[in-house]
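Novice:
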Ligand SMILES: [Fe+2]
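In the working numbering, the protein residues as written are 4 to 297.
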């Protein structure tokens, strides 16, 4: 088998063929995938019937697995999947869809807002890998927005204005924007805001991108309403259809995206039927901005 990556658009999203993710990969293949990620920011694989262990082994080729702790309100004793896996399904431990008013379900509805995974962590994520074990019966597409193209399309005045700006990110902000505000003291402490640069530069390609996320709650040094109005404006710009790829899931698809260069969101789906999606996350290696001491 030979690895091939077919662009779905000239610079964004590649479709990968000639690879079996259940088998060990050689260094050249891994390097080919990394350079595909640097270029396309999103890679789509089909027909990859992987187990959780195989998904974690594949993920480790790109860096350390990010610990899921601090990223959700699901308690350790409620986890359906092994440590190292992020459960992005709508299921409880009994493999049945969560009740409509289940707190975990309401929290996870935040995934329908445009975001970058783990932008609420001081060291945010590098890649996310999402395996579709069982697609939704209706809806449930994941959309990806190219934040490099969005940056490139900004006018010079806006680019100058955002240069050097630092935002605060927290799960408290994204969930709060949906009206999910009931958090315990412990959750509030775990979701304490962190600081991120609004503009990032990719370490390999050198391309700049807008680092937006619904986790943003303010811009440091700005009046909050002014900051949020500006962030909304930038997000509206960055998620125009010309920058967006909608992925319609087939069973055993696997999609990798670079959180440093993209935003994504899941679209509404029929929540009464099981939708089993399992994510692994590659940890980032450095903060994008200095944090304030705790
Ligand atoms: Fe996500």
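Backbone N, C-alpha and C define an ideal beta-carbon position, used for all residues, glycine too.
Residue 145 lies in the beta strand (DSSP E); which residues open and close that run?
Specialist: Segment 145-149, the beta strand (DSSP E) holding residue 145.
Novice: Which residue spans inside the segment 98-161 form an unbroken beta strand (DSSP E) run of at least 3?
Specialist: Counting whole runs of 3 or more residues, the segment 98-161 contains the beta strand (DSSP E) stretches 130-137, 145-149.
Novice: So, are the CB atoms of residue 230 and residue 221 less than 8 Å apart?
Specialist: Going by C-beta atoms, residue 230 is nearer than 8 Å to residue 221.
Novice: Which residues end up in the neighbourhood of ligand 2 when you take C-beta atoms closer than 7 Å to any of its heavy atoms?
Specialist: This structure does not include ligand 2; its bound ligands are ligand 1.
Novice: How close, in whole Å, do the beta carbons of residue 118 and residue 216 come, if the pair is a contact with beta carbons under 8 Å?
Specialist: 5 Å between Cβ atoms; contact.
Novice: Let me check understanding here. Comparing Cα to Cα, which of 46, 205, 32 lies closest to residue 11?
Specialist: Comparing Cα positions, the closest option is 46.
Novice: Can you tell me where the beta strand (DSSP E) with residue 177 in it begins and where it stops?
Specialist: Premise fails: residue 177 lies in the alpha helix (DSSP H), 174-179, not in any beta strand (DSSP E).
Novice: I'd like to know whether the C-beta atoms of residue 196 and residue 180 end up nearer to each other than 8 Å.
Specialist: Contact: no.
Novice: Using 8 Å as the threshold, is the C-beta distance between residue 3 and residue 171 below it?
Specialist: Shown here, the chain extends from 4 to 297; a query on residue 3 therefore has no answer.
Novice: Expressed to the nearest angstrom, what Euclidean distance is found between the alpha-carbon atoms of residue 55 and residue 158?
Specialist: Rounded to whole angstroms, residue 55 to residue 158 spans 44 Å at the Cα level.
Novice: Could you pull out every residue in the same chain whose Cβ sits closer than 8 Å to the Cβ of residue 254, ignoring the five residues on either side in sequence?
Specialist: Hits under 8 Å: 135, 136, 137, 138.
Novice: Excluding the 5 residues flanking residue 81 on each side, which residues of the same chain have their C-beta closer than 8 Å to its C-beta?
Specialist: Within the same chain, residue 81 has close Cβ partners 95, 96, 107.
Novice: In three-state terms, what does DSSP make of residue 38?
Specialist: Helix at residue 38.
Novice: Within the same chain, show all residues whose beta-carbon is closer than 6 Å to that of residue 325, passing over the 5 residues directly before and after it, in chain order.
Specialist: This structure gives no information on residue 325, because the portion of the chain shown stretches from 4 to 297.
Novice: Can you pull the DSSP bridge partners for residue 51?
Specialist: Bridge partners of residue 51: none, in fact.
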